[in-house]
Structures are given as C-alpha cells and as structure tokens.
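Each protein sequence line maps, in turn, to chains S and F. Counting in the working numbering, the first sequence runs from 236 upward without gaps. Counting in the working numbering, the second sequence runs from 236 upward without gaps.
Number of protein chains: 2
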Amino acid sequence: MSIFDTDLEQGAHNSVALTPLSLIARTAHVYPDAVAIRYGDQTTSWGETFDRCLRLADGLRRAGVGKNDTVAVLAPNTPAAVEVAFGVPGCGAVLNMINTRLDPEAVAFILDHGEAKVFMVDAGLAEVARAALAIASVKPLVIDIEDAQVGAVPGVGSQTYNGLIATGDASAGFTLPGDEWDAISLNYTSGTTGNPKGVVYHHRGAYLNALGNGLEWALPRHPVYLWTLPLFHCNGWCFPWTLAAYAGENICLRAPEGSAILDAIDRHSVTHMSGAPIVLNMVTTEAEGRGHHFAEPLRMTTAGAAPPAAVLARAAAIGFDVTHVYGLTEVYGPAAVCAWKPEWDALPAAEQSRIKARQGVNYAVLEEMSVRNPDTLALVPRDGVTMGEIMFRGNLVMKGYLKNAQASKQAFAGGHFHSGDLAVWHEDGYVEIKDRSKDIIISGGENISSIEVEGALYQHPAVGAAAVVAAPDEKWGETPWAFVELAAGAEVTALELIEHCRGLLAHFKCPRHVVFGELPKTSTGKIQKFELREVAREG
Amino acid sequence: MSIFDTDLEQGAHNSVALTPLSLIARTAHVYPDAVAIRYGDQTTSWGETFDRCLRLADGLRRAGVGKNDTVAVLAPNTPAAVEVAFGVPGCGAVLNMINTRLDPEAVAFILDHGEAKVFMVDAGLAEVARAALAIASVKPLVIDIEDAQVGAVPGVGSQTYNGLIATGDASAGFTLPGDEWDAISLNYTSGTTGNPKGVVYHHRGAYLNALGNGLEWALPRHPVYLWTLPLFHCNGWCFPWTLAAYAGENICLRAPEGSAILDAIDRHSVTHMSGAPIVLNMVTTEAEGRGHHFAEPLRMTTAGAAPPAAVLARAAAIGFDVTHVYGLTEVYGPAAVCAWKPEWDALPAAEQSRIKARQGVNYAVLEEMSVRNPDTLALVPRDGVTMGEIMFRGNLVMKGYLKNAQASKQAFAGGHFHSGDLAVWHEDGYVEIKDRSKDIIISGGENISSIEVEGALYQHPAVGAAAVVAAPDEKWGETPWAFVELAAGAEVTALELIEHCRGLLAHFKCPRHVVFGELPKTSTGKIQKFELREVAREG
C-alpha cells in the first residue's frame with residue numbers, strides 16, 4: 236500500500252458533497268444585502284431570499300416531503316420559480332419544472348410519470364393545472380403561487396405558496412445531499428417519439444454547470460441577469476445556481492415580450508441574458524423602433540438554431556454581444572460554447588457570423604464533446620465535411636431517463652451520450668451541426684416533435700398520409716409545415732386540419748401551413764422528407 | 236427503493252474524476268495558439284505546453300515513474316515549474332515542490348520523508364541540491380533543468396529535463412486519476428515544532444480551488460498573470476491550474492525583484508499577480524522611483540500579514556487593486572478572501588484599509604470557515620471581540636499529513652481543520668486574525684518557526700534561555716528578534732549568535748536582532764512572550 240493511501244482518509248473535515256445549495260448559503264453569508272431578485276416593483280436581497288428558501292424547504296418537510304419526492308412546479312419566470320431551485324432540493328426533494336406551454340394532457344402525463352407528490356401552480360396557470368389534475372392519476376398536494384401581477388383568481392390548491400413558506404423555520408437548515416450523485420431535478424424532454432422522457436439531474440452536475448456557466452462567460456461579480464430564458468428549460472440552464480455563486484441579480488419577467496424586455500434592460504441596467512434567437516430578434520426590433528442603443532454591451536447567450544447573420548449584425552449595432560451555446564436537456568442545457576477568439580474580431584461580419592453559428596467546443600467542466608460514427612463510435616476526421624453524431628462524456632451528462640432503463644441504455648451506448656444531432660468537425664476542433672437525426676423542429680426556442688404532430692394529423696379521418704417538417708421562419712427560427720395526402724374521396728381544408736390539431740396539441744406545435752398533394756416516397760414507401768424540406772425552405 | 240435510485244447508475248458516460256489535467260487538455264484543444272508561458276524572450280503556446288506536459292508525463296512513465304511515486308522539484312518560477320504541475324500528475328505521480336530558500340539539511344529531510352523517486356533541480360540550485368543529496372538516504376533519479384538565463388553550470392543529475400521530455404510520446408496521453416481523491420501533490424509546511432509536515436493534496440481539491448480562484452477574482456478569459464508568488468508555495472496557490480482553466484498567460488520570472496517585476500508588468504501588460512505584501516511594497520517603491528503609473532488597474536492578491544494602510548494607499552495611487560486573501564498550506568493556499576463590497580468604495584482610505592486587513596470569508600468552493608472555541612468547538616459570537624480559533628471544513632481541506640496519522644488526527648479533531656490562528660468574528664461574518672496560536676513569524680511571505688530558531692540558539696553554549704518573537708518590519712512584514720539570557724559566566728556577541736544560527740538555518744530564518752537580558756517568566760517558569768513582543772514592537 237502506498238504512503239499516499241495510508242491514514243489519509245476522507246471525512247467530514249475534508250469532504251462535502253458538491254451541491255448548489257452551498258452556493259446560496261455562502262452568498263447569503265457574504266452579501267446578505269445584495270439584490271437577489273427583482274420583479275416589478277418588488278426587490279428581495281440574498282439574505283431574504285435565502286431565508287425564504289430555507290423556510291420553503293422546512294415547510295415542505297413539515298408537509299411530509301423529503302428525499303427523492305417529486306415537487307412539480309408550473310410557473311413562468313417569477314421569483315417563486317427562482318426560489319424553488321433551492322427550496323425544493325433543500326428538503327431533499329426533486330424539482331420538476333414543467334413547460335408552461337404544454338396542454339393539460341401533457342402536464343398530466345408528466346405529473347403521473349414523475350409521481351408528483353406536490354404540485355405548485357402559478358396563479359396565471361390555474362386553469363391548465365386544474366384540467367391536468369382532472370386527468371392525472373396522482374393526487375399531489377397542490378400549492379397556489381399567488382402573484383399580484385395576476386390578481387386574485389380562483390386557486391386550484393389547498394394552500395398558498397407564501398402560506399407554506401410561513402409554516403417553515405429557517406433555522407432547520409437545508410437537508411444536504413448525502414451523496415452528490417443524488418437527484419436534484421427532473422426535466423422532461425419534448426419527446427420525439429410520443430411521450431416525453433424524464434431527464435434526471437444530480438447535485439454534482441448542477442454544481443459543476445453552475446460554475447461552468449460563469450467560467451465560459453467569464454462572469455463578473457454581481458451580474459444583472461434578465462430571465463427571458465424559461466426557468467423550466469433545463470432549470471434555466473442552471474443559471475439560478477450560477478447567479479447564487481456570483482451573487483447576481485435575477486430580473487424576473489412574467490411575459491418575455493420585446494417591449495417589456497427592453498424596459499427591464501433599461502430600468503435595471505441588465506448586463507447578461509440568455510434565450511432563443513427569437514428573443515434576440517424581438518428585442519433588436521423593438522430597440523430599432525425606439526432608436527435605442529445600450530449604454531454598455533449586453534452579453535447574451537443564445538442556443539437552438541443559430542441566429543442569421545443579418546440578425547446578428549443588427550443586434551451588434553444596438554449593443555448586443557452574442558455568444559452561441561449548444562446543449563440538450565440531457566446535458567444540463569448548454570454544455571458547449573462557440574468560444575470566441577480575439578483574432579476573429581478583425582474578420583468581415585459575414586465571416587464572423589458563419590464562425591459564430593457553429594456549436595463549438597465542450598464546456599471546460601465537461602470532459603468531452605466529440606463527433607463520432609454512430610455505429611462504430613470512431614471519431615470522424617476533423618475535415619469539416621465528414622458527418623457524424625455529436626456525443627458527450629463527463630460530469631454534465633444526466634443520470635439517465637426516469638423509469639426508462641431501455642432509453643437510458645440506448646442513449647449511453649458505448650460510454651457516450653448520443654445527442655442525435657449530426658455534425659461535422661472542423662479542423663480547429665469546433666463542431667457544427669449539419670442536420671438533426673431526430674425529427675425535431677425548433678420554434679421560438681421550443682422543441683416540437685414532427686412525429687407528434689404527424690400523429691395528431693393522422694387522427695383526422697380525411698388524412699391518408701402526413702409528413703411534418705421545419706420551415707425556416709424569420710421570427711420563430713422554424714415553424715412546422717404539414718404535407719398531407721388525402722384519404723381516398725375525403726375532403727378537408729387547411730384551416731380545419733389546423734383546428735383539429737389545436738384540439739390535440741399545444742398551439743405552438745400545430746402546423747403553420749398545410750400543403751396538400753401526393754407525398755414523395757422511396758421504392759419501399761418511406762416518405763422522403765428531404766424533398767419536403769426543400770419545398771418548405773423555398774416558402 | 237426510490238425511482239430516483241433505480242437504473243440511474245454512474246458510468247463512464249456521466250462520471251469522470253475531477254482533475255486539473257482536464258483543464259489543460261480543454262484549453263489546448265480550444266486555444267492551441269494562445270500564449271501559455273512567457274520567460275525572457277521565450278514564448279510557448281498552450282498547444283506546445285500541453286504537448287510538452289504530455290511528453291514529460293510519458294518520459295517519466297518510461298523512466299519507471301507511476302502512480303503515487305513522489306517527484307520532487309527544486310526550482311524558481313521558470314517554465315519547468317509550471318509544466319511539472321501537469322506533467323508530473325499526468326503520469327499518476329505526486330508533485331513535491333520544495334522551497335528554494337531551504338538549506339541542504341531541510342531539503343534532504345523532505346526528499347527522505349517524501350520518499351522522492353525523482354528529483355528535478357534547476358541549474359541555479361545545483362549546489363544546494365548536491366549538498367542535500369549527499370545527506371539524504373534516498374537515491375532518486377536526478378534531472379537537471381537547464382536554463383539559458385543561468386548558463387552552463389555543472390549539473391547534479393544523470394539526465395536533463397529537456398532530454399527526459401524528448402523521450403516521451405505525447406500520444407500516450409495522461410494517466411487520469413481513477414479516483415479524484417488520489418494524491419496530486421505534496422507540500423511541506425515550514426514546521427512549527429521541528430520537522431516540517433507533508434501536506435497531501437488531492438485532484439478534487441486542486442480542481443475545485445483552480446475554479447475557486449477564478450470565481451473569487453472574477454477572472455476574465457486570457458488573464459496575464461505574473462509569477463511573483465513562488466510556485467513552491469501550495470503549488471502556487473493552485474494558479475497553474477486556474478490559468479489553464481482560463482487560458483491565461485504565465486509570466487515567469489527567476490528572481491522577483493522590484494525592477495524586474497516592474498519591467499515584466501510593462502512589457503507583457505500584466506493584469507494579475509499574487510504575493511506577499513513585501514512584493515507589493517517593492518513594486519510600489521520601484522514605480523514611485525520611476526514616476527510610473529499603470530495604464531490599466533493591476534489586480535493583486537496578497538496573503539500573510541495584511542499590508543499596512545500607508546502601503547495600500549501608495550499602491551492604489553500607482554494603479555494596484557489589492558485583494559486580501561487568507562489560507563494555509565493545509566487548505567490549498569488561499570481558501571478565504573476579504574470579499575470587497577461596492578458600498579465600501581466610498582469609505583475613507585484608513586477605514587478601507589482596516590476593512591481590507593481582515594481575513595474575510597470562505598471561498599465559495601469551500602464549505603465553511605468558522606471561528607470556534609478550540610476545546611468545545613462551539614462557534615464564538617459574531618461580536619468582533621470574542622477570540623476563537625479559525626477552522627475550515629470542506630473540499631479544500633488537505634487529505635492529511637503524510638506518514639503522520641497523529642498530527643492529522645489532531646488537526647482534524649471534531650471534524651474541522653484547526654488552523655492554529657486565533658481570530659474574532661465580526662458581525663458581518665468576516666473573520667479577523669488577532670494572534671497566532673502557533674509561534675510563526677511571517678517574513679517576506681515565508682513562515683519562520685520561532686521554535687526552530689530558538690532550537691538553533693540553544694545549541695550555542697553561551698545561551699542559557701532564548702525566546703524568538705516577530706518584530707514588525709516595513710520591508711519584510713515581520714522579522715525574527717531573539718531575546719537571550721546568557722548561561723552563567725558565558726559571553727557572546729549578537730553577531731556571533733547570528734553567525735552561529737546561519738550555520739544551522741536558512742539565512743532568512745536567522746534573528747535580525749538580538750537583545751540580551753533576563754527573560755520575563757511566569758511563576759511556573761514559562762517565558763512571557765507577549766512582553767517580548769511589546770519590546771520588539773517598540774523597536
């Protein structure tokens with residue numbers, strides 16, 4: 236036995252499980268008076284926020300919630316949506332933020348699949364929650380999150396959020412994870428083949444990505460961060476925890492619309508924000524309309540489809556400094572970044588935008604992002620031409636899919652997480668997506684499964700065959716277009732089909748445009764979507 | 236069994252041991268052409284540096300060095316001293332940087348105690364290394380680190396450093412730690428009670444402190460960092476690994492003297508540096524002499540005795556932005572920081588300097604720094620008056636002392652690392668040292684054990700009783716003063732005693748001043764050092 240393995244054991248003195256809960260405790264200790272959250276006219280300090288989170292944890296504890304219990308939350312970007320990132324794991328429970336754009340059926344599926352023990356519902360979303368609860372099998376404790384900005388509405392719960400917090404005792408402290416591998420949150424993917432999958436995050440990964448965001452963005456102390464990115468997307472890309480580490484300000488906004496965003500930027504001197512390219516476009520258009528230019532550069536990370544060169548140029552002109560990041564729910568949100576190099580500053584704008592559109596390189600806290608042959612796992616050459624699948628390996632990869640060992644096994648085949656995104660690897664080590672192997676349409680930052688939309692179309696008696704593909708859209712990035720072959724002798728209008736889909740799907744998922752006609756097929760009868768994509772591209 | 240504990244196992248896909256070796260690999264991948272090291276007229280990129288570190292690791296491997304073997308290094312702040320931070324752990328070995336100011340006896344003790352298998356020696360230190368090897372029992376493989384700045388000198392080794400690197404194959408890669416708890420380095424304390432103790436660091440702590448330095452300092456990408464802090468102090472406070480994470484520049488300097496430092500700052504547009512207050516004082520004095528003011532603020536972290544208000548004011552006037560940090564070898568160097576608050580900017584200079592002199596709060600990546608009753612471990616009240624001992628708990632606490640289970644057990648009593656520093660806890664949560672429970676004198680950033688110096692004095696036949704205390708010193712922070720009671724009938728001069736000490740101790744440890752006379756003692760015969768400290772303080 237080596238001298239370095241003798242009498243040098245781990246113990247309470249030198250080994251503590253990594254958890255983002257440590258980050259808020261430390262910031263509340265050092266900067267109790269610094270602003271943690273702004274929402275309308277309401278301001279909360281880190282000391283007060285920590286106190287509320289501790290009491291939330293204890294309130295949940297007193298309600299019988301503990302380790303590995305699921306706490307589902309349906310809320311827009313309000314202060315409560317930030318607090319639950321600490322208060323829920325703070326009692327050992329698992330936070331499940333639900334996409335507020337889902338229909339009641341999808342919400343009910345998630346409540347049931349995640350076995351929600353508690354369901355917290357924002358006042359503005361009581362209606363969809365009520366409908367979801369009517370369908371769901373689980374009977375969670377339902378908590379109403381009050382909001383003066385919504386006003387008094389009939390609640391759906393048995394208790395209010397502030398009431399729950401009032402029952403808690405801050406001195407009880409957080410229940411820290413015994414093992415940093417313990418689950419901290421559950422985030423459902425949009426589901427490419429029917430039902431969404433539940434992605435489980437652990438405390439270790441959440442902690443490391445919290446620091447990773449700061450490292451990649453070279454964050455200053457006390458950043459002022461505007462929430463336009465939904466907090467239900469990969470726990471807001473782990474930014475609630477990053478902001479705790481950097482003692483930053485969370486600027487909360489119920490409805491991220493151009494005018495409200497621009498007002499918030501000015502009012503609070505926002506320094507950083509994240510979101511889909513549509514948000515960048517929206518704010519830029521609004522600022523142009525007002526003839527406005529930011530006093531200081533506003534740093535923004537965008538993910539999803541890369542912003543077009545024209546949008547990037549317009550955004551830069553009003554003061555945006557955009558960083559393109561890339562990731563998936565399975566890797567805690569962004570786990571890759573198109574890390575910018577000083578020598579690129581001198582390039583022409585079009586060339587800069589071409590470089591910036593690439594997905595880039597792994598976060599420093601992620602061991603590896605690679606492009607591989609999906610079958611053999613061999614690395615593809617760095618020639619910018621050979622296609623392969625983007626794969627991830629390291630501490631920012633999820634625990635796995637909840638109650639879905641088969642999907643997990645498939646996703647982790649050969650010791651790498653398979654992203655499903657097809658890409659090339661450039662000579663300089665940067666990755667660029669060329670196609671998606673899964674049928675996903677990214678519209679306004681939301682993933683839409685073409686298969687799910689096709690399924691809805693097929694439920695209409697007049698539809699003989701259907702294929703849904705992405706059409707480029709200046710505002711939304713992409714929108715779904717449906718190509719429909721009618722059943723023999725049947726008749727239906729585009730409007731009727733869209734209305735039919737709205738009865739089955741969230742509105743944002745429904746086809747924006749329907750094209751009737753015979754679908755191009757291979758000799759074996761497989762629909763040739765690439766031809767349809769060309770039609771959609773031409774508009 | 237919970238659904239969150241089922242089919243969600245760790246594996247190669249989602250779990251990688253934390254190690255700073257990942258940080259250099261990623262930076263070399265993303266920024267291969269960015270400058271990693273500058274030394275005189277020599278510049279090395281991160282791509283080249285990574286390649287050299289890989290080959291160093293493989294060269295060591297081929298020389299039979301592997302997991303848990305100790306590689307001792309005696310070198311000033313040269314490029315090799317940076318490279319070994321990656322190349323040595325890169326073959327699984329443990330890096331032991333040795334203080335270059337030690338005498339041959341102390342070096343020999345460390346080589347033997349650490350069981351050095353390899354000993355790398357800078358050309359300028361061949362003489363002390365040869366003397367140490369003549370005393371030591373171990374017979375390590377000795378490697379000469381050539382340096383054009385030193386010129387051709389007779390080597391002490393059987394091989395050269397660049398020759399070793401030439402034998403390595405970069406494609407062999409690093410040997411990554413199987414467990415992040417594996418040892419990465421060994422750092423000897425100055426030893427307050429005779430022999431120094433070997434502090435063992437692990438990969439997890441080194442990784443976390445590397446990120447922690449960046450977080451506390453809110454480092455930008457590509458910082459330009461000047462090495463005035465010795466790389467043998469706690470592995471340069473983990474900064475070699477921080478600079479790898481941030482793709483920064485290591486500006487190396489053999490001899491950190493005022494003029495050379497100021498030249499390097501100007502020549503390379505240095506943005507950050509660290510060191511003892513004496514370095515701050517030296518550079519400030521030099522800059523004042525040249526009528527010089529930095530173009531951009533130069534951010535500096537200082538540790539050890541807090542810089543006096545007058546020095547801070549002068550330093551600020553020439554463009555220094557000073558952050559006071561605190562730590563010990565046992566906590567990876569700085570593990571606490573006097574985190575500055577914007578509201579303090581408006582205070583008068585004297586008040587600012589009083590606030591800045593405090594040791595502050597725990598690093599965000601360290602779980603806890605507290606002030607406790609050393610016996611009961613009860614927290615002291617935050618009243619700024621009650622004294623207690625500073626204690627640490629968390630991932631930045633060492634594995635323990637090498638081959639010294641008893642010292643480790645004592646240091647970790649009750650689940651906290653006991654620093655030995657006595658402090659008060661202010662109402663705002665900031666800690667301030669009021670005294671050191673161990674008899675340490677900090678002179679020019681080096682710790683001197685008063686007990687060791689007293690031991691040397693007692694070896695002189697004319698000394699009846701001796702006590703050594705710290706005297707404040709404008710240049711060195713503190714210097715050792717000796718108070719001596721002569722043996723009956725004996726005679727000796729101060730100069731003779733100092734010469735006697737120089738024969739036994741490194742020069743910086745020898746008394747600067749000797750006072751003869753009867754020593755104040757308690758009724759039980761214990762020397763009352765506090766009285767002597769008062770004499771020394773009055774000068």
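Yeah, the Cβ is synthetic: ideal placement off N, Cα and C, and Gly gets one too. This one's a predicted model, so the numbers in the text were calculated from it and none came from an experiment.
Between which two residues does the alpha helix (DSSP H) carrying residue i extend?
{"i": "Leu-547(F)", "result": "544-553"}
{"i": "Asn-331(S)", "result": "No alpha helix (DSSP H) holds Asn-331(S); the beta strand (DSSP E) holding it covers 329-332."}
{"i": "Arg-772(F)", "result": "764-773"}
{"i": "Tyr-693(S)", "result": "685-693"}
{"i": "Leu-533(F)", "result": "It is not in any alpha helix (DSSP H) - Leu-533(F) instead sits in the beta strand (DSSP E) that spans 533-537."}
{"i": "Thr-611(F)", "result": "Taken as a continuous stretch (DSSP letters only), Thr-611(F) belongs to no alpha helix (DSSP H), as it is neither H nor E."}
{"i": "Ser-393(S)", "result": "Careful: Ser-393(S) lies outside any alpha helix (DSSP H) and carries neither H nor E."}
{"i": "His-748(F)", "result": "Note, His-748(F): premise wrong, no alpha helix (DSSP H); beta strand (DSSP E) at 748-751."}
{"i": "Arg-589(S)", "result": "584-591"}
{"i": "Ser-250(F)", "result": "Ser-250(F) -> no alpha helix (DSSP H), and no H or E assigned at all."}
In terms of residues, what are the limits of the beta strand (DSSP E) holding residue i?
{"i": "Gly-447(S)", "result": "Careful: Gly-447(S) lies outside any beta strand (DSSP E), inside the alpha helix (DSSP H) at 438-452."}
{"i": "Leu-256(S)", "result": "Counting along the chain, Leu-256(S) falls outside any beta strand (DSSP E), though it belongs to the alpha helix (DSSP H) covering 256-265."}
{"i": "Gly-699(S)", "result": "698-708"}
{"i": "Ala-722(F)", "result": "Note, Ala-722(F): premise wrong, no beta strand (DSSP E); not H, not E."}
{"i": "Ala-646(F)", "result": "No beta strand (DSSP E) contains Ala-646(F), which is instead part of the alpha helix (DSSP H) from 640-646."}
{"i": "Gly-595(F)", "result": "Looking at the DSSP string, Gly-595(F) is not in any beta strand (DSSP E), and its letter there is neither H nor E."}
Along chain F, in chain order, which residues have C-beta atoms closer than 7 Å to that of residue i?
{"i": "Ala-722(S)", "result": "Neighbours of Ala-722(S) on chain F: none; closest Cβ ~42 Å, over 7 Å."}
{"i": "Gln-245(S)", "result": "Trp-416"}
{"i": "Leu-582(S)", "result": "In chain order: nothing, as chain F lies at least about 16 Å away."}
{"i": "Arg-456(S)", "result": "Ala-453"}
{"i": "Arg-261(S)", "result": "Asn-597 and Ala-599"}
Where does residue i sit, in a helix, a strand or coil, going by DSSP?
{"i": "Phe-474(S)", "result": "helix"}
{"i": "Thr-427(F)", "result": "Any reading at Thr-427(F) must be qualified, since the residue scores a pLDDT of 49, below 50, and its modelled position is unreliable; the value itself is stated next. Correct three-state label for Thr-427(F): coil."}
{"i": "Ser-654(S)", "result": "strand"}
{"i": "Trp-579(F)", "result": "helix"}
{"i": "Leu-346(S)", "result": "helix"}
{"i": "Asp-404(S)", "result": "coil"}
{"i": "Phe-529(F)", "result": "coil"}
{"i": "Arg-737(S)", "result": "helix"}
{"i": "Ser-237(F)", "result": "coil"}
{"i": "His-742(S)", "result": "helix"}
{"i": "Glu-340(S)", "result": "helix"}
{"i": "Met-517(S)", "result": "helix"}
{"i": "Pro-458(F)", "result": "coil"}
{"i": "Ala-418(F)", "result": "strand"}
For residue i, return the contacting residues in chain S, with the cut-off set at a CB-CB distance below 9 Å.
{"i": "Asp-240(F)", "result": "Asn-303, Asp-417 and Ala-418"}
{"i": "Ala-697(F)", "result": "What Ala-697(F) touches in chain S: nothing, since even the nearest Cβ is about 42 Å away."}
Interface residues of chain S around residue i at Cβ under 7 Å?
{"i": "Ser-237(F)", "result": "Asn-303"}
{"i": "His-264(F)", "result": "Val-596 and Gly-664"}
{"i": "Ser-257(F)", "result": "Glu-602"}
Starting from the beta carbon of residue i, find every residue of chain S whose beta carbon is closer than 8 Å, and list them in chain order.
{"i": "Ala-480(F)", "result": "Leu-450 and Ala-599"}
{"i": "Phe-652(F)", "result": "His-248 and Asn-249"}
Compute the minimum distance between the beta carbon of residue i and the heavy atoms of the ligand ATP, and state whether it is under 7 Å.
{"i": "Ala-315(S)", "result": "In the structure on display, the ligand ATP does not appear, and there are no ligands present to speak of."}
Which residues, in chain order, does the stretch 624-649 of chain F contribute to contact with chain S at a C-beta distance below 7 Å? Arg-628, Gly-629, Asn-630, Val-632, Met-633, Lys-634, Gly-635, Leu-637, Lys-638, Ala-640, Ser-643 and Phe-647
Segments of 3+ residues assigned as beta strand (DSSP E) that fall wholly inside the stretch 463-514 of chain S: 484-487 and 507-510
Members of the stretch 322-349 of chain S that neighbour chain F once the beta carbon cut-off is set at 7 Å: Val-329
So if I threshold CB-CB distances at 9 Å, which residues from the stretch 725-736 of chain S count as touching chain F? none
Of all the residues that make up the stretch 551-574 of chain F, which are near chain S by a beta-carbon distance shorter than 7 Å? Ala-574
Beta carbons nearer than 7 Å to chain F: which residues of the stretch 422-447 of chain S have them? Val-435 and Leu-446
Alpha helix (DSSP H) runs contained entirely in the stretch 354-386 of chain F, provided each spans 4 or more residues: 361-370
Unbroken stretches of the alpha helix (DSSP H), 4 residues or longer, contained in the stretch 276-324 of chain S: 281-297 and 314-322
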